[in-house]
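Beneath this line is the structure, given in structure tokens, with notes to follow.
Number of protein chains: 2
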Amino acid sequence: MDKLKLGVLRVLTTDDENILNIHGELLEKYFPEVKTETKCIPDQPNGIYDDESHKIAVPKIISLAKRWQESLDGLIISCAGDPAVEELKGILSIPVTGAGTPTAAYSLNIGKKVGVIGIGKKAPQSYIEVLGNNLIGYEKPHNVKNTNDLQTKEGKKEIIRSAQKLEEKGGQVIAFACTGLSTAKASLLLKEHISIQVIDAVFAEGLMMIGMCRYRKVFGGDNL
Amino acid sequence: MDKLKLGVLRVLTTDDENILNIHGELLEKYFPEVKTETKCIPDQPNGIYDDESHKIAVPKIISLAKRWQESLDGLIISCAGDPAVEELKGILSIPVTGAGTPTAAYSLNIGKKVGVIGIGKKAPQSYIEVLGNNLIGYEKPHNVKNTNDLQTKEGKKEIIRSAQKLEEKGGQVIAFACTGLSTAKASLLLKEHISIQVIDAVFAEGLMMIGMCRYRKVFGGDNL
Numbered sequence: 035m036d037k038l039k040l041g042v043l044r045v046l047t048t049d050d051e052n053i054l055n056i057h058g059e060l061l062e063k064y065f066p067e068v069k070t071e072t073k074c075i076p077d078q079p080n081g082i083y084d085d086e087s088h089k090i091a092v093p094k095i096i097s098l099a100k101r102w103q104e105s106l107d108g109l110i111i112s113c114a115g116d117p118a119v120e121e122l123k124g125i126l127s128i129p130v131t132g133a134g135t136p137t138a139a140y141s142l143n144i145g146k147k148v149g150v151i152g153i154g155k156k157a158p159q160s161y162i163e164v165l166g167n168n169l170i171g172y173e174k175p176h177n178v179k180n181t182n183d184l185q186t187k188e189g190k191k192e193i194i195r196s197a198q199k200l201e202e203k204g205g206q207v208i209a210f211a212c213t214g215l216s217t218a219k220a221s222l223l224l225k226e227h228i229s230i231q232v233i234d235a236v237f238a239e240g241l242m243m244i245g246m247c248r249y250r251k252v253f254g255g256d257n258l
Numbered sequence: 035m036d037k038l039k040l041g042v043l044r045v046l047t048t049d050d051e052n053i054l055n056i057h058g059e060l061l062e063k064y065f066p067e068v069k070t071e072t073k074c075i076p077d078q079p080n081g082i083y084d085d086e087s088h089k090i091a092v093p094k095i096i097s098l099a100k101r102w103q104e105s106l107d108g109l110i111i112s113c114a115g116d117p118a119v120e121e122l123k124g125i126l127s128i129p130v131t132g133a134g135t136p137t138a139a140y141s142l143n144i145g146k147k148v149g150v151i152g153i154g155k156k157a158p159q160s161y162i163e164v165l166g167n168n169l170i171g172y173e174k175p176h177n178v179k180n181t182n183d184l185q186t187k188e189g190k191k192e193i194i195r196s197a198q199k200l201e202e203k204g205g206q207v208i209a210f211a212c213t214g215l216s217t218a219k220a221s222l223l224l225k226e227h228i229s230i231q232v233i234d235a236v237f238a239e240g241l242m243m244i245g246m247c248r249y250r251k252v253f254g255g256d257n258l
């Protein structure tokens with residue numbers, strides 16, 4: 035079986051290849067049927083973490099995606115805010131997804147009461163829309179302002195605290211609303227501290243992208 | 035890569051191997067990384083189509099699943115009503131899913147306004163719970179009482195009519211709430227008649243089961 039060639043578009047600017055490729059490497063580990071290539075947008079070393087950083091990223095993502103699509107089977111904008119995804123659906127001829135909608139949608143497959151952990155002031159819009167009344171709570175780890183803060187010892191302690199709060203609140207599953215939590219290996223970290231399942235955003239974006247590529251192969255067409 | 039060995043439990047009783055194996059064959063076509071084995075419960079030639087037929091199927095499904103699990107990586111109860119799935123989650127040591135929750139959850143990955151087509155009086159409970167306010171309408175094809183009625187020429191005309199109604203109502207995606215619609219190849223049929231995407235229940239159950247098996251392999255454990 036030929037491997038699916040997926041583009042992984044990072045919204046965190048870095049020239050450190052190890053940091054750049056981390057989502058792609060996770061995707062290849064989780065889904066041996068994919069081969070990834072990673073690129074990042076320029077001039078956003080702290081990624082997307084609020085409305086302003088989201089807004090300025092959108093045209094950069096669209097520009098990069100348009101140039102890149104010809105060599106890809108599908109494109110993942112690896113960010114829980116799904117930046118530029120709706121716009122790109124009307125532009126690209128390959129399947130495109132962010133991390134947010136897939137994570138919210140997949141979490142409902144595992145449990146109906148979903149708690150969300152992210153780095154913005156509230157849950158990203160896609161989580162609010164997909165989860166509706168199934169969204170039982172949102173937590174931002176204390177003192178975490180951007181994706182890099184999630185990687186520190188203090189940041190990890192606060193991730194645990196956030197998850198415990200959501201479990202106490204009756205959450206049946208926790209959906210990550212930042213791919214930085216994947217980079218921080220928070221799924222494995224939380225295993226020791228909570229007993230409900232955590233949905234990793236990089237895992238979910240990969241699964242749903244595979245779904246979209248397969249669906250198109252089987253049923254054909256842009257819409258079906 | 036070793037293929038995942040999935041059990042496909044049919045809630046339609048048949049000794050016709052072609053009919054019995056149709057979901058398994060579709061799953062293997064959609065997802066080359068799986069190998070399926072199919073069994074069916076006894077004494078329900080018209081499957082599950084109302085509360086009573088659902089209720090009497092549950093203990094049969096549990097009994098069959100318990101005897102079968104040792105030789106499987108995961109078990110799919112291939113029915114949109116998710117019969118016995120919650121009960122089995124507490125009993126089996128392998129991932130288990132129905133068709134309903136996966137279809138409802140995956141449909142939210144594709145569009146936020148979801149129309150549902152099924153054969154019961156209303157949408158199955160899992161669709162109502164997962165979709166919440168994103169459920170914009172439910173249609174039962176006229177004169178269709180059970181899964182077999184979906185396979186007739188008249189049944190197919192009514193499936194088209196139901197889908198068109200949901201598209202007119204503003205649906206961005208249609209979720210099938212009966213695996214008989216997969217058997218009837220309704221996804222391909224509808225392609226010519228509507229312009230929104232249709233989520234096939236056998237496709238969705240396969241994708242989500244692969245997700246559950248992979249998740250367990252990567253992150254380990256029963257809960258995580």
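So the sequences go chain by chain: A and B.
First residue of the first sequence? That's 35 in my numbering, and the numbers climb one at a time after it.
First residue of the second sequence? That's 35 in my numbering, and the numbers climb one at a time after it.
Glycine included, every Cβ here is placed at the ideal spot set by N, Cα and C.
- The beta carbon of Leu-165/B lies closer than 6 Å to those of Ala-138, Val-148 in the same chain, with the five residues before and after it left out.
- In this structure, the beta-carbon distance from Val-236/A to Leu-109/A does not fall below 9 Å.
- In this structure, Lys-179/B sits away from Ser-196/B, with a CB-CB distance that is not shorter than 9 Å.
- The beta-carbon of Ala-133/A is placed no less than 9 Å from the nearest beta-carbon of chain B.
- In the assembly as shown, Lys-187/A is an exposed residue. Its beta-carbon has fewer than 16 other beta-carbons within 10 Å.
- If you draw a 10 Å sphere on the C-beta of Asp-77/A, you find fewer than 16 other C-beta atoms in it, and that means exposed.
- In its chain, beyond the 5 residues on either side, Ile-95, Ile-96, Ala-99, Leu-109, Ile-111, Val-130 have a beta carbon closer than 8 Å to the beta carbon of Leu-122/A.
- Cβ-Cβ separation between Asp-234/B and Phe-253/B: approximately 28 Å, too far for a contact (criterion under 8 Å).
- Chain order gives the chain A residues near Asn-168/B as Gly-166, where near means a beta carbon separation below 7 Å.
- Residue environment for Gly-58/B: buried (at least 16 other C-beta atoms within 10 angstroms of its C-beta).
- Take Ser-221/A, set aside five residues on each side of it, and the residues of its chain with a beta-carbon closer than 7 Å to its own are Val-232, Asp-234, in chain order.
- Residues of chain A with a Cβ closer than 9 Å to the Cβ of Pro-136/B are, in chain order, Asn-143.
- Interface annotation, Ile-56/A: not in contact with chain B, CB-CB separation never under 9 Å.
- Within a 10 Å sphere around the beta-carbon of Pro-79/B sit fewer than 16 other beta-carbons, which makes this residue exposed.
- Proximity of chain B to Leu-222/A at the Cβ level (cut-off 7 Å) is accounted for by Phe-253, in chain order.
- About 28 Å separates the CB atoms of Pro-66/B and Gly-115/B; that is not less than 8 Å, and the two are not in contact.
- Interface criterion met: the Cβ of Phe-237/A is under 9 Å from a Cβ in chain B.
- Taking 9 Å as the CB threshold, Val-119/B stays off the interface with chain A.
- Excluding five sequence positions before and after Arg-250/B, the CB atoms of its chain that fall closer than 7 Å to its own CB belong to Pro-129, given in chain order.
- With respect to chain A, the C-beta atom of Phe-210/B has no partner C-beta closer than 9 Å.
- Assignment of beta-bridge partners to Leu-40/A by DSSP yields Thr-70/A, Gly-108/A.
- Here Thr-131/B is bridged, per DSSP, to Ile-110/B.
- Annotated three-state conformation of Ala-209/B is strand, per DSSP.
- CA-to-CA, the gap between Ser-105/B and Cys-247/A works out to about 30 Å.
- Bounds of the alpha helix (DSSP H) holding Gly-58/A are 56 to 64.
- Neighbourhood of Tyr-249/A in chain B, by CB distance below 7 Å: Phe-237, in chain order.
- Against chain A, the beta carbon of Gly-189/B has no neighbour under 7 Å; the closest one sits roughly 20 Å away.
- In this structure, the beta-carbon distance from Glu-202/B to Ile-208/B does not fall below 9 Å.
- Contacts with chain A at 9 Å (Cβ-Cβ) include Asp-234/B.
- Using a Cβ-Cβ cut-off of 9 Å, Glu-67/A counts as an interface residue toward chain B, since at least one Cβ of chain B sits closer than that to its own.
- Exclusion of the five residues before and after Pro-117/A leaves Val-45, Ile-82, His-88, Ala-91, Val-92, Ile-95, Ile-111, Gly-132 as the residues of its chain whose Cβ lies within less than 8 Å of its Cβ.
- Secondary structure in the region 140 to 222 of chain A: the beta strand (DSSP E) runs of 3 residues or longer, each lying completely within the stretch, are 148 to 152, 169 to 173, 207 to 211 in chain order.
- Taking all protein chains in view, the Cβ of Ser-216/A is crowded by 16 or more other Cβ atoms within 10 Å, so the residue is classified as buried.
- Between the C-alpha atoms of Asn-168/B and Lys-146/B there is a straight-line separation of about 6 Å.
- Contact annotation, Gly-154/B with Asp-84/B: C-beta distance approximately 7 Å; criterion of less than 8 Å satisfied.
- Contact check for Gly-240/B and Leu-241/A: beta-carbon distance about 12 Å, past the 8 Å limit, so the pair fails to qualify.
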